[in-house]
Each structure stands twice: as C-alpha cells, then as structure tokens.
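**Q** Please find one structure pasted underneath; my questions will follow.
Protein chains: 2
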Amino acid sequence: MAKYKDIVKDIEGCIRRGDLQPYDQLPTVVEMTKAYHVSRTTIEQVMDELEKRGLVSRKRGSGVYVKKVATQSFDKPLNTISLTDDIDANLAKHPSCTVHEFTVVKPDEHVRHELGLHEFSFTFYIERSHLHEGQAIDVQYLYYPVEIFRDIRLTSAETSIRQWIDENYDVTPDSFHKTLRAVTASERECEILGIPEGSPLLEVEQIGYLDDGRPFESLVARFPGDRSEYQTIDSDSLPV
Amino acid sequence: MAKYKDIVKDIEGCIRRGDLQPYDQLPTVVEMTKAYHVSRTTIEQVMDELEKRGLVSRKRGSGVYVKKVATQSFDKPLNTISLTDDIDANLAKHPSCTVHEFTVVKPDEHVRHELGLHEFSFTFYIERSHLHEGQAIDVQYLYYPVEIFRDIRLTSAETSIRQWIDENYDVTPDSFHKTLRAVTASERECEILGIPEGSPLLEVEQIGYLDDGRPFESLVARFPGDRSEYQTIDSDSLPV
DNA sequence: GAGTGGTCTAGACCACGAA
DNA sequence: TCGTGGTCTAGACCACTCG
Numbered sequence: 001m002a003k004y005k006d007i008v009k010d011i012e013g014c015i016r017r018g019d020l021q022p023y024d025q026l027p028t029v030v031e032m033t034k035a036y037h038v039s040r041t042t043i044e045q046v047m048d049e050l051e052k053r054g055l056v057s058r059k060r061g062s063g064v065y066v067k068k069v070a071t072q073s074f075d076k077p078l079n080t081i082s083l084t085d086d087i088d089a090n091l092a093k094h095p096s097c098t099v100h101e102f103t104v105v106k107p108d109e110h111v112r113h114e115l116g117l118h119e120f121s122f123t124f125y126i127e128r129s130h131l132h133e134g135q136a137i138d139v140q141y142l143y144y145p146v147e148i149f150r151d152i153r154l155t156s157a158e159t160s161i162r163q164w165i166d167e168n169y170d171v172t173p174d175s176f177h178k179t180l181r182a183v184t185a186s187e188r189e190c191e192i193l194g195i196p197e198g199s200p201l202l203e204v205e206q207i208g209y210l211d212d213g214r215p216f217e218s219l220v221a222r223f224p225g226d227r228s229e230y231q232t233i234d235s236d237s238l239p240v
Numbered sequence: 001m002a003k004y005k006d007i008v009k010d011i012e013g014c015i016r017r018g019d020l021q022p023y024d025q026l027p028t029v030v031e032m033t034k035a036y037h038v039s040r041t042t043i044e045q046v047m048d049e050l051e052k053r054g055l056v057s058r059k060r061g062s063g064v065y066v067k068k069v070a071t072q073s074f075d076k077p078l079n080t081i082s083l084t085d086d087i088d089a090n091l092a093k094h095p096s097c098t099v100h101e102f103t104v105v106k107p108d109e110h111v112r113h114e115l116g117l118h119e120f121s122f123t124f125y126i127e128r129s130h131l132h133e134g135q136a137i138d139v140q141y142l143y144y145p146v147e148i149f150r151d152i153r154l155t156s157a158e159t160s161i162r163q164w165i166d167e168n169y170d171v172t173p174d175s176f177h178k179t180l181r182a183v184t185a186s187e188r189e190c191e192i193l194g195i196p197e198g199s200p201l202l203e204v205e206q207i208g209y210l211d212d213g214r215p216f217e218s219l220v221a222r223f224p225g226d227r228s229e230y231q232t233i234d235s236d237s238l239p240v
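From first to last, the protein sequence lines are chains A and B.
Each residue of the first sequence is one higher than the last, beginning at 1 in full-length UniProt numbering.
Each residue of the second sequence is one higher than the last, beginning at 1 in full-length UniProt numbering.
Spelled out as structure tokens, the structure:
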C-alpha cells in the first residue's frame, strides 16, 4: 500500500470523527511532511485525493480547509448510482439478476461505434434486471465483444459478469465513460419494474475501457427516478 | 502557465490530430522526460490529466496507450450538462434568462442544511430559465446566503450571477457537489418549458463551495430529458 | 514581508507485465 | 530478466494571501 493512501485514510478519519471540524485549517503542508515523515510531493498527492473526495478546499497562499459538507452526503458513494440504503447493501452482498435475454448479435451501429468494432463483428447481448426481494430494481442492456470474450456464461449474467471476466480473462478494466439522461420508461420496462406508465427513469450509458485502451463493455442501465440518484464531485459548475 | 499544462495541450493535440492513433503506445515516461526536458514528476502529472480527460489508459509495466474513443464523444464537454450544439454555443455567447422570481427568503431545512446555515439565516432565492430563441430550455432554482452576498441584482440573474459575484466579491469557487436524478416535470415546468405533461427531466442538484470550505450556492436545475445529457469519466463502474 | 500552497528537479526504488 | 509505470525523497523556486 502506498504511503499516501495511508495518510489519506488517517486524515479522512480525523474529519469523519470530528477531530477536524468544518472550516478548520489543516496543518500546513510543511508541518504534515514532518508529522508523517514524508516528502512534500507525497503530501500534495494526499491533498489531491482528499480534494477529489470532496473533503477539503485548498487555498493557495492561505491553507487547506475542511469543507462544511452536509453530513447526510458524507457517506454516499461517489460516481455511481445509489439506491435506498437497504437495497444497496443487499445487492452488494448477494448480487442476483433475472436474465431476460442472452444471445450473440451483430450490434447496431451505435454500439459498434462505441466498442470500436467492424461491421462484421459480433457481441454478446444481455438484458437483465437486478432483484431486491423478488422485485426488479433496474433494467440493464449489455454488449461484450466476442473478439475479446469468447465465452460468457448465463450463470455469470445472473450474478456478476465482471467477476466472471476477472476469473477467466487476463484483462484489467481501467476507466468508464458515462452519459446520464432522463428518459421515459417503455411499456416493457414499466412491466418489469412494476412502475406506472410514463414514469421517468435515470439512464446511465457506460462504456468500459481496458488498460490497453480497448473498449470492452457497453452498458445501458435504467433506474426508476424515484429510487435512484447519481452523486459526483468536481470543479466544474453548470453555467450560472 | 504551468509546464505540465503545456505538455498536456501538446499531447492532446497529437491525439486529436491523429498523429497518435487509437491503441498507439505513447513514448515511455523516461523518453518523454527527455523529449520535453522536464522531470519525471511532471510527466506523471501530465498523464494524470490526460487520463482524467479520458484520452489514455496507463498499464503499469507495459506503457501508456491512446484509448479507442468513439470520435463523436471526443469534443463533448465533461462534467456538465450538454444540450444540442447550437444551443450550447448560443448560451455561451449570450447568456440570457427570464427571471420568474427574485426574493429573499428563509430557506427550508433542506437548503439550510446544504448551505450550513442557522435557522434564522436568510438567502436570496432566484427562479429563472435560460432562453434560446425565445424558448425556455431549463428551469433553475438558486439560493445564495445573504451572509456572504449582501447584494445580488436582478440584472445579474438575467445574465450571469457568477459573473456578478466575481466582479463584486472577493471569493473563489472551488468545487461542486452534484446529485443527478430523473424527475417528472411539474405542471408549471411543463408550461415554462413548453413540453407535454409528464415529460421526464434531468435534474442536477449542485452545491458550490468556496476555497475556504464554505458552501456559497445551492442550485437545482432541471432540463428536458430529450434535449440534455451529462457526460463524465472516471474509474468507477456501475455494479456489473 | 512572512507564510502558504503549487510546481518542479534529479535521482531512487519498487511492482508489475511481457517475453 | 528487463523495461515499464507508480511512488517517493530532499530540496528549490514561485505565486498567492494576508496582515
């Protein structure tokens, strides 16, 4: 484990426990290098990470300050969909899906383009829903290039495809390009999700890349609007 | 301008122009230190930035590779709402709003909590829509603490509040915590936006922080689902 | 002017991937 | 085994904030 990650954990703990209060100034960078017996670069790396997690603001010439964050948002996961707590917890423990479709197809041009495939390429196509207490809580549409994954099993689609890939292929997912939209549920999706006609859904279109730059996964996931949200932190504002 | 930013621009240019093709390996980090006459740290900083922009993948022990990115997504702005191109371009040049409401209020508990205010605090409250060719294209609900901004003008709400703040207060916005949701447009919003009853909207709730850790802005913006999307890149996947 | 964070250097060691 | 990127050091200079 890298040193800077340990220090991140330590300081994050201080903030969560309240040893560091909102608006408190952290020790100066130089002080921290001494306290942790590391170099300046390492501390800057730590500050980068704490900033990314939304815990501190850095003011050049002045200091690093603990953000006054609404405490409710403290433990919400970032950069992913969160559902209600009980559902999230349950899914993490026992991922379970009902698979509506599992085939090999020639994907349409949109998907082909996303995955950087040729016209004559094939992909696995999976349509499925995660379950919580017997109820579908999302609808997912997934494409995997046959060129990369020659064999994907139905049983993996019923639990975790990513786990199957980890165990059977020597590839490393690296990053994900996401597009979020609000859409109206189709009739079929309303049935599956047990929601009224015309309900709004939060759609996440996600293209996954391996660490050698190849796209390996195209995913469209749709979640009922009233049970889902997506949280993120960055330095870009909507135009105001 | 920091050196690493120049190098980022240079390499990004190479990728956009096609001098570096998808799946190409970049020169090794050591080679780049020589080519640009900088130290290793600087190059790593450059790679951090290129990775954040979704242009490259880094494979420890192997190399840095140009991602095969769907070219359409190349120039879309990240970490913000994008509308259709003509609207985006127009808004950037001539931001213009119709203000539906402009008052000072005691905000409800939710906003008070987001902004870290006391029960007896007041905020400016602004409700407005951006216009494109006379048509409203969003609805925004904004709160600004009177404690921080004693004076906000109606005219600023009709163009750019952030510009007004820049020019009249010595504060520096630092980061934004966002929550995205899909919601159904209210009757009033349908009227304002000229969309059918029950249309889905993409909602962005955004809390802005200053560089000293203070929240300074609470914004809820809602966009018609069929004209808006939000793009982002990170290393976190939805559960698959 | 004194103190802060941001960037940068030159060099080192390590973990990992590929052959 | 060897070349790759990831992390780290000790020290430096600079831009910025604030009294």
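We put the CB at the ideal spot given by N, CA and C, even for glycine.
These numbers were taken from a predicted model, which means no experiment stands behind them.
When DSSP labels each residue in this structure, what does Val-38/A get in the three-state scheme?
**A** Coil at Val-38/A, not helix or strand.
**Q** Mind pulling the beta strand (DSSP E) runs of 3 or more residues that sit fully within the segment 173–201 of chain A?
**A** Listed in chain order, they are 173–184.
**Q** Taking contact to mean 3 or more Cβ pairs, one atom from each stretch, closer than 8 Å, check whether the segment 43–58 of chain A and the segment 103–112 of chain A are in contact.
**A** With a cut-off of 8 Å, the segment 103–112 of chain A and the segment 43–58 of chain A do not count as touching, because too few Cβ pairs lie within range.
**Q** Please report the residue range of the beta strand (DSSP E) in which Gly-63/A lies.
**A** Gly-63/A -> beta strand (DSSP E) spans 63–66.
**Q** Runs of 4 residues minimum, wholly inside the segment 62–141 of chain A: which ones carry the alpha helix (DSSP H) assignment?
**A** For the segment 62–141 of chain A, whole alpha helix (DSSP H) runs of length 4 or above, ordered along the chain, are 85–93 and 109–114.
**Q** Quick one: residues in its chain with C-beta nearer than 6 Å to the C-beta of Tyr-36/A, no 5 flanking neighbours on either side, listed in chain order?
**A** Ile-7.
**Q** Given a cut-off of 8 Å on the beta-carbon distance, is the pair residue 251/A and Tyr-169/A in contact?
**A** The structure shown has nothing for residue 251/A, since chain A only spans 1 to 240.
**Q** For Gly-54/B, go through chain A and note every residue whose CB falls closer than 7 Å to its CB, in chain order.
**A** Correct list: Ser-175 and His-177.
**Q** Which residues share a DSSP beta bridge with Val-220/A?
**A** According to DSSP, Val-220/A bridges with Tyr-141/A and Glu-205/A.
**Q** Look at the alpha carbon of Glu-229/A and the alpha carbon of Asp-236/A, and state the distance between them as a whole number of angstroms.
**A** Their backbone Cα atoms lie some 19 Å apart in a straight line.
**Q** Give me the Cβ distance between Leu-219/B and Thr-172/B, rounded to the nearest whole Å; I'm assuming they're in contact under 8 Å.
**A** About 17 Å separates the two Cβ atoms, so there is no contact after all.
**Q** Tell me the residue span of the beta strand (DSSP E) that contains Glu-229/B.
**A** Run containing Glu-229/B: 229–234, per the beta strand (DSSP E) assignment.
**Q** Taking the straight line between their C-alpha atoms, what separation do you get for Ile-43/A and Leu-115/B?
**A** Each residue's Cα considered, the two are about 29 Å apart.
**Q** Beta carbon of Asp-226/A: closer than 7 Å to some heavy atom of the ligand FMN?
**A** Looking for the ligand FMN in the displayed structure turns up nothing, as the structure carries no ligands at all.
**Q** Check the Cβ-Cβ distances between Asn-79/A and every residue of chain B, and say whether any is below 8 Å.
**A** Chain B, which has a Cβ nearer than 8 Å to the Cβ of Asn-79/A, makes this yes.
**Q** Would you call the CB atoms of Pro-196/B and Gly-225/B closer than 8 Å?
**A** Contact: no.
**Q** Report buried or exposed for Thr-41/B, applying the criterion of at least 16 other Cβ atoms within 10 angstroms of its Cβ.
**A** Classification for Thr-41/B: exposed.
**Q** Considering just the uninterrupted stretch of the alpha helix (DSSP H) at Arg-17/A, what are its terminal residues?
**A** Here the alpha helix (DSSP H) through Arg-17/A covers 3–17.
**Q** Which residues share a DSSP beta bridge with Leu-210/B?
**A** Paired residue(s): Pro-173/B.
**Q** Taking the alpha carbon of Glu-75/B as the reference point, which residue from Leu-180/B, Arg-17/B, Val-183/B and Gly-61/B has its own alpha carbon closest?
**A** It should be noted that the sequence gives Asp, not Glu, for residue 75/B. Comparing Cα positions, the closest option is Arg-17/B.
**Q** Which residue or residues does DSSP assign as beta-bridge partners of Val-56/A?
**A** DSSP lists Val-66/A as partners of Val-56/A.
**Q** So if I threshold CB-CB distances at 8 Å, which residues from the segment 154–172 of chain A count as touching chain B?
**A** Taking 8 Å as the Cβ-Cβ cut-off against chain B, the residues of the segment 154–172 of chain A that qualify are Ser-160, Ile-161, Arg-162 and Thr-172.
**Q** Could you give the distance in angstroms between the alpha-carbon of Ser-39/A and the alpha-carbon of Thr-33/A?
**A** Going from the Cα of Ser-39/A to the Cα of Thr-33/A covers about 6 Å.
**Q** Which of the three DSSP states is assigned to Gln-21/A in this structure?
**A** Residue state, collapsed to three classes: coil.
**Q** Report the neighbours of Pro-200/A on chain B: residues whose CB is nearer than 8 Å to its CB, in chain order.
**A** Those are Ala-182, Val-183, Thr-184, Pro-200, Leu-201 and Gly-225, listed as they occur along chain B.
**Q** On a Cα-Cα basis, can you pick out the residue from Ser-129/B, Leu-154/B and Glu-31/B that is closest to Gly-63/B?
**A** Closest by alpha carbon: Glu-31/B.
**Q** List, in order along the chain, the chain B residues whose C-beta lies closer than 7 Å to that of Lys-3/A?
**A** Here the premise fails: no neighbours, minimum Cβ distance about 16 Å.
**Q** Starting from the C-beta of Ser-82/B, find all residues in its chain whose C-beta is less than 8 Å away, skip the five residues before and the five after it, and write them out in chain order.
**A** Answer for Ser-82/B: Lys-76, Asp-88, Ser-228, Glu-229, Tyr-230 and Gln-231, listed in chain order.
**Q** For His-177/B, is the classification buried or exposed, using 16 other Cβ atoms within 10 angstroms of its Cβ as the cut-off for buried?
**A** Its Cβ being crowded by 16 or more others within 10 Å, His-177/B is buried.
**Q** With a cut-off of 8 Å on the beta carbons, I'd call Ile-233/A and Ser-175/B a contact; round off their distance for me.
**A** Contact holds; Cβ gap of about 6 Å.
**Q** Looking only at its chain, what residues have a beta carbon closer than 8 Å to the beta carbon of Lys-67/A, apart from the 5 residues adjacent to it on each side?
**A** Correct list, in chain order: Pro-22, Gly-54, Leu-55, Val-56 and Ser-57.
**Q** Applying a beta-carbon distance threshold of less than 8 Å, which residues of chain A neighbour residue 253/B?
**A** Not covered by the structure: residue 253/B. The range shown for chain B is 1 to 240.
**Q** Can you name the residues that DSSP bridges to Pro-27/A?
**A** Pro-27/A is not bridged to any residue.
**Q** Which stretch, first to last residue, makes up the alpha helix (DSSP H) that contains Arg-162/B?
**A** Element bounds for Arg-162/B: 161–168.
**Q** Val-183/A to Lys-3/B, Cα distance in whole Å?
**A** Answer to the nearest angstrom: the Cα atoms are 43 Å apart.
**Q** In its own chain, which residues sit with a C-beta less than 6 Å from the C-beta of Asn-79/A, not counting the 5 before and 5 after it?
**A** Correct list, in chain order: Thr-232.
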